[in-house]
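Notes follow once the structure below has been shown.
Residue numbers (the working numbering), protein chains in the order written: chain A, 310 to 611; chain B, 13 to 254.
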């Protein structure tokens, strides 16, 4: 039998499969479909210091092999997440929880992290949201800014800190390196690609916010390429994310250098996808001749 | 909430660009009129939320308007094909008991009001469409024993104008209302009523998941942020911010 356990900067996961931030809410909505305790971990909806309603609707636009969202970090604020959402999740879920935090200033990132620190197992820092102005992605498109956020967050937590990077840059490698140098324990690659659709009948953008983040199977090869580029340049673990929809995609991500793999948009169409992948992954790895979900899968080894 | 396979036993046009699809399968989860299903279609990434027009434990009737790639695809499906359907979704209408309930539907928004009217028993129904050829279910509503009034924008049938014109012209008396249709129609209806009478409104929004996870369809209500797919699609008039 294949051992699917992975260690994510010291946190043991029973398997590498994690629903990505934003598609899983705060964990309650998928309970009808399967027991979330089978997951490697859950990554919570993006959380900010203050509550946010997010952007006006329409927030969703369909594309060939994917979708664009401009939700805009809707969340009840970090205090409500700590007081209500996490305790509610802990009642029925006993695997690791990853918080996903966002901010509009370095201080906000730090404070949000400081408050949520004791309640989760890993902190994922979103410096890559394309849907908010003067925040989010602006921190992730500049190596210096990304490093500043990393340092600030690291100063208030002992938990592993993963920086979630944007693919909307010329070269992701220097930004990844800057985060590693600033003390990041890992990286999540990648957030969504800035995209747009136009309603030709109404002569206006489909999304009220005009642009949004493109995700889904169409971006898989680009996400995979970025994981490969970065994983070979840093010495910290990478969570691969972007367009994954099968056990074979997961194996590809791990061969590219990912330690764990996040599943996003595809779960909206197929809510039991994570369960299916968790069941199929050991079978596939066994068929391929692997006994463990570790570095032995990688094309290039550190 | 689950996904299940349903067999198509009917899929045909009943008005201009409007189709009726009847499905056989385990539909016992549907518990209120106004709930909806989310359908996975080959070649479409996201599911398509479609309102349930009628239901029993063994099947569903869906009414949909061909407006884009997904519904175009639906219109080409054949009897005997199987569909991957997620259900039951949304809260649906709460069937309250009033002496003179009014049911107001606009365009394809008429669809979910059929199952509702069936359960109300004593409703007055006002249906608004652009033109005569867009109208469906007039006879079906009458067969339920409802008094049915029609408004067409071009005057080809019933009152010329909007549902609000038909309500005025026919001096319809009501003590509660239920509505589903385009936003301008629902807005005009509520403006006419001037909060003297309460009611329930069913909203439509582009959705990602349909089951409350992605926050793609959130609206700002008086009670806070509400997801059309999970907290709605039906909201009380008092909760709506216009």
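Note that CB positions come from ideal geometry on N, CA and C, so glycine has one too.
- Residue-level contact by beta carbon fails for residue 351 of chain A and chain B, as no gap is shorter than 8 Å.
- Secondary structure of residue 589 of chain A (DSSP, three-state): helix.
- Within the model, the alpha-carbon separation for residue 593 of chain A versus residue 311 of chain A is close to 9 Å.
- When Cβ-Cβ separations below 8 Å define contact, residue 371 of chain A makes contact with chain B.
- The beta-bridge partner set that DSSP reports for residue 191 of chain B consists of B:116, B:213.
- Fully enclosed alpha helix (DSSP H) runs of no fewer than 4 residues are not present anywhere in the segment 208 to 252 of chain B.
- Under the Cβ criterion of 8 Å, residue 225 of chain B is counted among the residues facing chain A.
- Residue contact check for residue 95 of chain B against chain A: no CB pair falls below 8 Å.
- For residue 72 of chain B, same chain residues with a beta-carbon under 6 Å away, outside a window of 5 residues either side, are 35, 39, 64 in chain order.
- According to the DSSP assignment, residue 454 of chain A belongs to the alpha helix (DSSP H) that extends over 452 to 463.
- For residue 576 of chain A, the enclosing alpha helix (DSSP H) starts and ends at 575 to 578.
- Neighbours of residue 398 of chain A in chain B, taken as residues at a C-beta separation under 7 Å, are lacking, since the least C-beta distance is about 13 Å.
- At the C-beta level, residue 422 of chain A and residue 357 of chain A stay beyond 8 Å of one another.
- Straight-line spacing of the CA atoms in residue 539 of chain A and residue 522 of chain A works out to 21 Å.
- The beta carbon of residue 219 of chain B sits closer than 8 Å to some beta carbon of chain A.
- Around the C-beta of residue 316 of chain A, fewer than 16 other C-beta atoms lie within 10 Å, and the residue is accordingly described as exposed.
- The C-beta of residue 204 of chain B comes no closer than 8 Å to any C-beta of chain A.
- Fewer than three pairs of CB atoms, one per stretch, sit closer than 8 Å, so the segment 167 to 177 of chain B makes no contact with the segment 80 to 93 of chain B.
- In the DSSP assignment, the residues bridged to residue 496 of chain A are A:472, A:547.
- For residue 214 of chain B, no chain A residue has a C-beta closer than 7 Å to its own C-beta; the minimum C-beta separation is roughly 16 Å.
- Residue 410 of chain A places its beta carbon less than 8 Å from that of residue 418 of chain A.
- The alpha-carbon separation between residue 479 of chain A and residue 379 of chain A amounts to approximately 22 Å.
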